[in-house]
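Mind the numbering: the sequence shown is residues 372 to 775 in our numbering, read in order. Here a beta-carbon is modelled for each residue, glycine too, at the ideal position from N, C-alpha and C.
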Amino acid sequence: MKCVQLDSGVWECVADGPRDPVTNKRNQVRRRGKSKGVAKKKVEEEIKKQEDHGVNSKTNKNATFEHVAWEWFEVYALTGVKDSTIRNRRSSVKVLLRYIASINVANIETRQLQGIFVDLFKKNLSPSLMENAKVTANSIFKYAVEHKIRVDNPVPAVVIPRKKLTVEEIENSTVEEKFFERYELEEFLQMTLTEGLPNDKEWFYLLAFTGLRVGELCALKWTDINFDENTIRITKTLDMPDHNMRKFKLTPPKTMAAIRTIDVDESILAMLKTHKVLQAKIKLSTRKGIEDYHEGNFVFCRQNGYPYSSRFIYDRIIRLIKKTSITKIEGPHILRHTHITMLTEAKVDLKTIMDRVGHEDSKTTMDIYTHVTENMKEDATAKIKNRYGDILNLTVPKGNVIDM
Numbered sequence: 372m373k374c375v376q377l378d379s380g381v382w383e384c385v386a387d388g389p390r391d392p393v394t395n396k397r398n399q400v401r402r403r404g405k406s407k408g409v410a411k412k413k414v415e416e417e418i419k420k421q422e423d424h425g426v427n428s429k430t431n432k433n434a435t436f437e438h439v440a441w442e443w444f445e446v447y448a449l450t451g452v453k454d455s456t457i458r459n460r461r462s463s464v465k466v467l468l469r470y471i472a473s474i475n476v477a478n479i480e481t482r483q484l485q486g487i488f489v490d491l492f493k494k495n496l497s498p499s500l501m502e503n504a505k506v507t508a509n510s511i512f513k514y515a516v517e518h519k520i521r522v523d524n525p526v527p528a529v530v531i532p533r534k535k536l537t538v539e540e541i542e543n544s545t546v547e548e549k550f551f552e553r554y555e556l557e558e559f560l561q562m563t564l565t566e567g568l569p570n571d572k573e574w575f576y577l578l579a580f581t582g583l584r585v586g587e588l589c590a591l592k593w594t595d596i597n598f599d600e601n602t603i604r605i606t607k608t609l610d611m612p613d614h615n616m617r618k619f620k621l622t623p624p625k626t627m628a629a630i631r632t633i634d635v636d637e638s639i640l641a642m643l644k645t646h647k648v649l650q651a652k653i654k655l656s657t658r659k660g661i662e663d664y665h666e667g668n669f670v671f672c673r674q675n676g677y678p679y680s681s682r683f684i685y686d687r688i689i690r691l692i693k694k695t696s697i698t699k700i701e702g703p704h705i706l707r708h709t710h711i712t713m714l715t716e717a718k719v720d721l722k723t724i725m726d727r728v729g730h731e732d733s734k735t736t737m738d739i740y741t742h743v744t745e746n747m748k749e750d751a752t753a754k755i756k757n758r759y760g761d762i763l764n765l766t767v768p769k770g771n772v773i774d775m
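Structure follows, in structure tokens:
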């Protein structure tokens, strides 16, 4: 290592670092400091960094967070993830760019990132959006480490702030809020018959008695329904950016577990047969008058053949719930959760339930299953007592007292 004191009094040290692994070009590491010892230490630290991790501060000096983030995103978008997931990741990148866009990605520390999430919390960003932002940041920094742009990933140590629940919120937040009780389901489904708009009955009976996700419902085609074997095959979900019917996309499910075939009650299939006949009549009367009619063969479609969006069905269920005495104002997922309670009460085992609803792992499913089975245990105890109460009489007859 060669060190010299410059005219300004500052010391500069130079030494050879690891050669370029591709070109074998010489790599000189040059650092300055107020003293010879400081400059020398900087050179040694940089050389060690390059030797241990392959990170070259000189070549990466222009690697801003924004540059690396979009470089990562371009690759991520080509990995086959759902379009909706890509949109979520893009949104998270934009959130992070507000804070650290122009900072060199190698210089960003955990403390700085923690400050970002504290600020997002103070601005009342939802927990799910903050979680998405952390997942995105983690992927970006992991990419930076893998591509020798920085040494470590500062994200895992970041803590997402959480709102402290009040006693009232804890008491009011129960598993029961996630599904309809039997009497609530009955009232809701009755409302689809008396106050429902076109397709309401078919949508909500099908969701309640199959456990389909609303995206899976929107993507259903008549070829997915086997009327001979009383089954429905789920192989896809529907994504509709900006709720524009002409921009819809059919995508594979997020996991392999979501690809499944389920058996369906005959009464539900009879309802769908009637719906199919009506749909054919509507198509026959309107098809010629619509220039861009979409021949998609969807089970549920508009008069122009295009499918409905999940948001459209969400608005419909909210409309109906508000007409009932039910206080659980929830989207279509509440019917999926209700179906899980039906299966549990019917004593279907957890593995079969998970397979039917297309879950590999789900805390919500586990919570509902555990809650219902616990209640069933209580019912079982009461039933045993009613039937065998006389045997449970443990009063010891006089004269048979045993001295201990």
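Asked	Found
Local Cβ density within 10 Å of HIS614, reported as buried at 16 or more and exposed below that	exposed
Assigned exposure category for ASP571 - 16 Cβ within 10 Å defines buried	buried
Burial state of PRO623, where buried means 16 or more other Cβ atoms lie within 10 Å	exposed
First through last residue of the alpha helix (DSSP H) which encompasses CYS672	Per DSSP, CYS672 belongs to no alpha helix (DSSP H) and is neither H nor E.
Contact under 8 Å by Cβ, ILE633 with ILE596	no
Meets three-Cβ-pair contact criterion under 8 Å: the segment 503-510 and the segment 548-565	no
Counted within 10 angstroms of its Cβ, other Cβ atoms place THR358 as buried (16 or more) or exposed	Nothing about residue 358 can be reported from this structure: the residues present for the chain run from 372 to 775 only.
Contact between the segment 572-580 and the segment 553-564 (3+ Cβ pairs under 8 Å)	yes
Where ARG604 sits in the DSSP three-state scheme	strand
LEU714, enclosing alpha helix (DSSP H) - first and last residue	704-716
Simplified DSSP state of THR632, which is helix, strand or coil	strand
Three-state secondary structure (DSSP) of VAL522	coil
Helix, strand or coil at ASP610 [DSSP, three-state]	strand
Cβ-Cβ distance between ALA477 and ALA434 below 8 Å	yes
Per-residue DSSP class, three states only, for VAL728	helix
Rounded straight-line distance, which links the Cα of LEU655 to that of ILE705	35 Å
Nearest to LYS412 (by Cα), restricted to the options ALA579, TRP382, LYS396	TRP382
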